[in-house]
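Line by line, the protein sequences give chains A and B. Residue numbers 1 to 256, in the numbering used here, belong to the letters of the first sequence in order. Residue numbers 1001 to 1198, in the numbering used here, belong to the letters of the second sequence in order.
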Amino acid sequence: MTREPQTFQSEQLTNYRVRLPVFEGPLDLLLHLIKKDEINIYDIPIALITRQYLEYLSLMESLNLNLAGEFLVMAATLIHIKSRMLLPPDDLLEEEQEEDPRRDLVQRLLEYQRFKDAAERLRWREETWCEVFRRQSASGGNQAIEAEDEVMLSEISLYDLMEALQAVLARVPRGKVLEIAPDEVSVRERMSLLMERLEEVNGLAFEALFEGQCTRAAVIVTFLALLELIRLQLVVTQQIRLFGPIRILKASENTE
Amino acid sequence: MEDHELKSIVESLLFVSTEPLTIDQLASVLAISSDRQQLAVRQRIFTVLQKLQEEYREMGRGLQLVEVAGGYQITTRPENAPWIKQLQTVRTATRLSRPALETLAIVTYRQPVTTPEIEAIRGVDCSGVLKTLLERRLIKIVGRKEAVGKPMLYGTTREFLQYFGLRDISELPPLKDLQELAQEPPELTAVAQAPSEE
């Protein structure tokens, strides 16, 4: 994956490769940013959105997350739209310039949002009908098949977790000393420690996971450990209010 | 055959079947040859089904009779789910992930639809998700598009209807109007973030 040195100045925060594919795409990220800032989708402040988008990309790359090419394509698209909006109106091309350069993107976002809403309605139905049982055929029919390739980040998206991570990182000072990059061993150790803590209490606030950690490396290790525990379905995440505090709970047998 | 006898037979058939049964299927089991009798039997079966449904409901039974995927099926009542799940022998489905639901929504409302068309809406590769949905038999290949490369077309299945407790596709509400979406404040459209309560 090639990257422009000027645009992405991601520090390599870890050598550890998180085995969690980022399957929510760039449109998903944009909608997340739009909701977060309560932006009017018909009048997107393109400079602001582009900057936030690139910041996210940078963070995801620092975390060594598997970024799909579409994310970079979108970055280029946003930068292009931004530059078109900065161009002074040209008298000769006045008809062409009438078209808002954001229009296509807005259409795509709205179209996607329609299906997100539809998906949410399907989710409600699924929840009701998962409580209803019928005679199962020998193979167990649809009810027994596990989704293997799909990794469920519970109900919370990766972006919500990253939002929370950014807040935590902001409070940790950048060390002047060269920090040891997290590796497999440190992440595994942290995973065990986290599980131990969760055995004792009935859930932890996201921020509580990072108590006592004063270096960026330590914070990253903890975050990676959390992602792995989520992937292994050993913990679940909960967020009652939109952009509200996140809680981490041990997954019980009856949790799906 | 008396009505109560018919009701009893229908109930047994529904109990034993792993799939929803249509009135036609029930009627064919009763093997009536003449058309005139067929019509009468169908009407009787329909009445008997309504009665069964009512009985289950009124007698506070642990079962219910539902209309799903174009047929009828006996299922458990949702409020008993916590107990049922305690039974080791009962396997419960893994819930669908959000990308899976979104992809499924696109197939549902745009079927028949191709992979590139789906990916154009989601803005990301969907092959993994589609594979999962195919494996879970919630979607199937319904044909090929008459276009370059003859891409495969996807549509929803009968299992899809069962999974979501739908009689048929038309039972789903239409897609939100784009104007509607624009009028709503961001909080409302962001219902997607609300997690389920434990």
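All C-beta atoms in this analysis are idealised placements derived from N, C-alpha and C, irrespective of residue type, glycine included. Because the structure is a prediction, the values reported are computed rather than measured.
Using the C-alpha atoms, what's the distance from GLU120 of chain A back to PHE243 of chain A?
18 Å
Can you find a CB in chain A that lies within less than 9 Å of the CB of ALA1013 of chain B?
Reading the sequence as shown, one finds Leu at residue 1013 of chain B and not Ala. Not closer than 9 Å to any Cβ of chain A, the Cβ of LEU1013 of chain B fails to qualify, so no.
Following the continuous beta strand (DSSP E) through VAL1142 of chain B, name the residue where it begins and the one where it ends.
1139-1144
Leaving out the 5 sequence neighbours to the left and right, which residues in its chain are closer than 6 Å to ARG1098 of chain B when beta-carbon positions are compared?
none
In the DSSP assignment, the alpha helix (DSSP H) including GLU131 of chain A goes from what residue to what residue?
Run containing GLU131 of chain A: none; DSSP gives neither H nor E here.
Within the same chain, show all residues whose beta-carbon is closer than 7 Å to that of GLU1198 of chain B, passing over the 5 residues directly before and after it, in chain order.
Summary for GLU1198 of chain B: the model assigns pLDDT 31, below 50, so the residue's position carries little reliability; its value from the coordinates is reported in the next sentence. Closer than 7 Å at Cβ, skipping near neighbours: no residue.
Would THR1156 of chain B pass as a contact of ALA118 of chain A if the rule is Cβ separation under 9 Å?
no
Compare the Cα-Cα distances from ARG188 of chain A to each of A:MET85, A:ALA170 and A:GLU228 and report the closest residue.
A:GLU228
Find out if the Cβ-Cβ distance for the pair VAL34 of chain A, ILE44 of chain A is shorter than 9 Å.
Looking at the sequence shown, residue 34 of chain A is not Val but Ile. Cβ atoms of ILE34 of chain A and ILE44 of chain A: closer than 9 Å.
Buried or exposed: where does ILE1121 of chain B fall if 16 or more other Cβ atoms within 10 Å of its Cβ makes it buried?
buried
Members of the segment 108-124 of chain A near chain B, C-beta cut-off 8 Å:
ARG108, LEU110, GLU111, TYR112, GLN113, ARG114, PHE115, LYS116, ASP117, ALA118, ALA119, GLU120, ARG121, LEU122 and ARG123
Check the Cβ of PRO1173 of chain B against every Cβ in chain A and list those closer than 9 Å, keeping chain order.
ALA118 and ARG121
Hey, which unbroken runs of the alpha helix (DSSP H) at 4 residues or more fall wholly within the segment 169-231 of chain A?
184-200 and 216-231
Where VAL172 of chain A and ALA217 of chain A are concerned, what is the direct C-alpha to C-alpha distance, given to the nearest angstrom?
When rounded, the distance between both Cα atoms is 10 Å.
Using only the alpha-carbon positions, how far apart do LEU1172 of chain B and ILE79 of chain A sit?
39 Å
Quick one: grab the DSSP three-state call for THR1115 of chain B.
Note: THR1115 of chain B maps to helix in three-state DSSP.
Would you mind telling me which residues of chain B sit closer than 9 Å to GLU199 of chain A, beta carbon to beta carbon, in chain order?
Around GLU199 of chain A, no beta-carbon contact reaches into chain B at under 9 Å, the shortest distance being about 17 Å.
With C-beta atoms as the reference, is ALA1069 of chain B less than 9 Å away from ARG1167 of chain B?
yes
Output yes if chain B places a C-beta closer than 9 Å to the C-beta of ALA68 of chain A; else output no.
yes
Under a three-way DSSP split, which group does ILE246 of chain A fall into?
strand
My output table needs one value for VAL1191 of chain B: the three-state DSSP class, helix, strand or coil.
Its pLDDT being 38, under 50, VAL1191 of chain B is placed unreliably in this model, and the value from its coordinates should be taken loosely. The answer is helix: DSSP assigns VAL1191 of chain B an H, G or I state.
Local conformation of ILE81 of chain A per DSSP, three classes
helix
Does the Cβ of LEU72 of chain A lie closer than 8 Å to at least one heavy atom of the ligand MG?
The ligand content of the structure shown is nil, which means the ligand MG is not present either.
Reference VAL1129 of chain B; option with closest CA among B:VAL1066, B:ALA1081 and B:LEU1101
That would be B:LEU1101, whose Cα lies nearest to the Cα of VAL1129 of chain B.
Inter-residue Cα distance where the pair is LEU105 of chain A and LEU1104 of chain B:
23 Å
Taking buried to mean at least 16 other C-beta atoms within 10 Å of its own C-beta, is LEU63 of chain A buried or exposed?
buried
Chain B beta carbons: is any one of them nearer than 9 Å to that of VAL132 of chain A?
yes
Contacting residues, own chain, Cβ-Cβ under 6 Å from GLY141 of chain A (five flanking each side not counted):
For GLY141 of chain A, the predicted model reports a pLDDT of 45, less than 50, meaning its position is unreliable; a value from the coordinates is still stated below. The answer is none, since no qualifying residue turns up.
Residue interval of the alpha helix (DSSP H) (run including ILE1106 of chain B):
1098-1110
Proximal residues of chain A, C-beta to C-beta of GLU1102 of chain B below 7 Å:
PHE115, LYS116 and ALA119, listed in chain order.
Could you confirm whether any beta carbon from chain A is found closer than 9 Å to the beta carbon of SER1017 of chain B?
yes
Let's test the definition: count the other Cβ atoms within 10 Å of the Cβ of SER252 of chain A and tell me whether it reaches 16, buried, or not, exposed.
By the 10 Å Cβ count, SER252 of chain A comes out exposed.
Euclidean distance between Cα positions of GLY1060 of chain B and LEU204 of chain A:
If I take the Cα positions, the gap works out to 41 Å.
Which residues in chain A have a C-beta closer than 8 Å to the C-beta of VAL1124 of chain B? List them in chain order.
PHE23, GLU24, GLY25, PRO26, LEU27, ASP28, ALA68 and GLU70
Could you give the DSSP three-state label for GLN1050 of chain B: helix, strand or coil?
helix
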